[in-house]
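*Asks:* Heads up: take any position in the sequence shown, counting from 1, add 1, and you land on our numbering.
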Amino acid sequence: MNTSISGFSKLSKSEKIDWIVTTYFTNQEDAKNTLKQYWNSDSKLQQLHDEFIENTITNYYLPFGVAPNFLINGKLHTIPMAIEESSVVAAASKAAKFWLDRGGFKAEVLSTTKIGQVHFMFHGNAETLKQFFDTVKPKLFADAKSITENMEKRGGGILDIELRNKTKDLDGYYQLHATFETLDAMGANFINSCLEQFATTFKREAMLFENFSEAEKQIEIVMSILSNYVPNCIVRAEVSCPVKELSDSKNIDPEAFAQKFVQAVNIAEIEPFRAVTHNKGIMNGIDAVVLATGNDFRAVEAGVHAYASRDGQYRSLTHAKVENGLFTFWMEIPLALGTVGGLTGLHPLVKFAMELLHNPSAKELMEIVAVAGLAQNFAALRSLTTTGIQEGHMKMHLMNILNQFNATDKEKIAIIHHFKTHVVTHRAVVEAIEAIRQ
Ligand code: MEV
């Protein structure tokens, strides 16, 4: 249906819903009720959610689960995870328990630098531009002082600003490439405000620079924006234990398991089709914690995948080896996270998640999130290289299928019991439901 509307954002919530249901739905009452059943009865809480974004018409729930027993650098954590996919929380919990008995996870933040760029066009003499940049650089810092003052008091701020000549790749294209330390803030607002100030100062001062010709004075600012690629904001997470300790109740031969596990990681290091799925499994853990703690998972996703292809080929983010009888499995990834600002002080569940995690600093949260990713990958590879993932996965999926068919509690108990000894497939579950209902 081709129906446009102007002034939609100015309508009240109920007017917006009225327009939507009359324009797109045949059963308008049903459609309205679907939206309304997710409204929160606490009007203040509802208003808070309404105001997170624009044109809010309801809330979209994701399950908020927890994975206990994560021993990270000697400290025990219960990790909050917001995710819709079954098995992820169970897998994280299993991996946590497995490594709890083998010394836990080690994690370390290697660097915390963030990046932002002013992209601009200049068609004059590159040497004169460099002269201008050297002259104006202190002014760039000075003019941003009102923005950076508080951050500097806490030990952060602008680290450096460089002029980068990109004219080989794009005619007339240069950058102010700036690096920042934003401490416990993700820093998007801080960085973008600094960049926009750099752009204003840069353009204004260019007009006054005597060595520029009249044409050169007309620097064209294209845009000023932080980069979500943060290859110098890196955290490392690791587990290791003697190979012989890798066995567990599944009676897996530890040597054979270690060898197969390393092979699986090696495959993901050289084969992009496998690497994407391998890394997707890592992101199951990472995104879930990033979301639960109110951080921007799209930013994290974009940055992590760029990092996975930093040498020109998309590769595994994790690595594994066996050396002198010791199994080591590790990952280094870029993560720009905040524990202050953004949603962190606003969303009640995010506050809950932060307190659950002992109110971490951004560095501690980087470590926790990286560990969740490593644990997830360990659990996935352990299943894949032993039993296969479908066994566990379909058991978890069973509940989703039962809910799709509105199974009663009694039906659920009977069917779950039945599938303790039968293979779960979608068809088998549907048949079991039909059999019970006849
Ligand atoms: C499913 O969400 C994630 C896995 O496919 C990851 C992997 O294959 O490593 C199980």
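Just so you know, even glycine gets a beta-carbon here, dropped at the ideal spot from N, CA and C.
(1) What are the complete beta strand (DSSP E) segments, minimum 3 residues, inside the stretch 91 to 126?
(2) Could you give the distance in angstroms between the alpha-carbon of Arg311 and the alpha-carbon of Val305?
(3) Alpha carbon to alpha carbon, how far is Thr180 from Gly117?
(4) Only counting the same chain, and skipping five residues up and downstream in sequence, which positions put a Cβ closer than 8 Å to that of Asp297?
(5) Among residues of its own chain, excluding the 5 on either side of Glu55, which ones have a beta-carbon nearer than 7 Å to its beta-carbon?
(6) Quick one: is the Cβ of Ile390 within less than 7 Å of any heavy atom of the ligand MEV?
(7) Taking only runs of the beta strand (DSSP E) that begin and end inside the stretch 58 to 92, which ones reach a length of at least 3 residues, in chain order?
(8) According to DSSP, is Met332 part of a helix, a strand, or is it coil?
(9) Identify the residues that DSSP records as bridge partners of Ile437: which are they?
(10) With distances taken Cα to Cα, identify the nearest neighbour of Pro335 among Met284, Leu350 and Ser7.
(11) Quick one: what's Gln176 bridged to in DSSP?
(12) Of all the alpha helix (DSSP H) runs that stay within the bounds of the stretch 234 to 280, which reach a length of 4 or more residues?
(13) Could you tell me the boundaries of the beta strand (DSSP E) in which Met224 lies?
(14) Count the other CB atoms within 10 Å of the CB of Ala127; is the residue buried (16 or more) or exposed (fewer)?
(15) Under 8 Å between the Cβ atoms of Ala440 and Gly339?
(16) Check for me: the beta strand (DSSP E) holding His320 runs from which residue to which?
(17) How is Val231 classed by DSSP in three states: helix, strand or coil?
*Replies:* Per the coordinate set shown:
(1) 107 to 110 and 115 to 122
(2) 10 Å
(3) 6 Å
(4) Met187, Ala189, Val291 and Gly343
(5) Ser10
(6) yes
(7) 65 to 73 and 76 to 83
(8) strand
(9) Per DSSP, none; premise fails for Ile437.
(10) Met284
(11) His120 and Arg165
(12) 255 to 271
(13) Glu221 to Ser228
(14) exposed
(15) Here the chain has residues from 2 to 439 only, and residue 440 is not among them.
(16) Thr319 to Glu324
(17) coil
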